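For reference, the structure discussed in these notes is given below.
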Amino acid sequence: MRNTFRALLVPAALAAATALPATTAHAATAADGYDRCPDGYYCMFSGLDGTGDMIQLKGSTPDLAALGMNDRAKSDWNRTSSTIYLWSDANYTGCTVVTSTGPTGKGNLFPDYRDFLSSVQFDGPGGQSCGTPPGEDG
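So the sequence shown is numbered by this note's numbering: it starts at 161 and just counts up by one.
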């Protein structure tokens with residue numbers, strides 16, 4: 161009886177093993193840093209140089225707290241065709257910092273503006289400027 165059971169078990173196990181899909185030796189690597197931000201989005205990161213938590217936006221966002229990014233952003237990348245107005249307070253109030261499109265729309269926020277922003281508006285109108293960061297006044 162034991163030999164019959166073992167004789168049936170071996171072919172069944174062999175058939176199951178050959179039915180499993182083969183895995184590849186090369187695992188796909190996930191994008192990291194700024195490269196996580198998809199084209200056409202405005203992205204904010206909780207760490208410098210595109211590290212940490214990330215949110216990606218396609219439109220104006222009156223309260224970053226709802227996305228867990230209120231007063232947490234340290235870097236950003238504007239991959240949209242819009243000028244982005246970053247507001248110091250929720251609901252587009254307080255003062256604004258501007259992130260333009262193109263090569264200047266990617267990088268670390270100036271130290272004065274890190275962990276400071278609470279809402280994001282696409283294409284303005286903007287408001288009172290938060291001021292020129294030290295050393296950037298020309």
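Ideal Cβ positions, reconstructed from N, Cα and C, are used throughout, including at glycine. Note that the structure is predicted; figures quoted are calculated from it, not measured.
Buried versus exposed call for residue i [16 or more other C-beta atoms within 10 Å across all chains shown]
i, result
"K218", "exposed"
"S278", "buried"
"Q281", "buried"
"G200", "exposed"
"H186", "Confidence at H186 is low in this model, with a pLDDT of 45, below 50, so the placement of that residue should be treated as unreliable; the coordinate-derived value is given next. The residue is exposed, with fewer than 16 neighbouring Cβ atoms inside 10 Å."
"T221", "buried"
Under the three-state DSSP convention, the category residue i falls into
i, result
"L246", "strand"
"D236", "strand"
"G254", "strand"
"Y194", "helix"
"S279", "strand"
"Y202", "strand"
"L269", "coil"
"T264", "helix"
Reference residue i; option with closest CA among the options
i, options, result
"C203", "A226, I244 and A190", "I244"
"V257", "N230, A225 and L269", "L269"
"S241", "L208, T264, L224 and D272", "T264"
"K266", "A191, A190 and D195", "D195"
"D209", "I215, K234, A190 and G228", "K234"
"P261", "D283, D249, D223 and T292", "First, the residue type needs correcting, since residue 261 is Thr and not Pro in the sequence shown. Minimum Cα distance to T261 is reached at D283."
"A225", "T292, A250 and M214", "A250"
Distance between beta carbons of residue j and residue i, contact taken as under 8 angstroms
i, j, result
"R239", "C197", "6 angstroms"
"D236", "T259", "6 angstroms"
"C255", "Q288", "5 angstroms"
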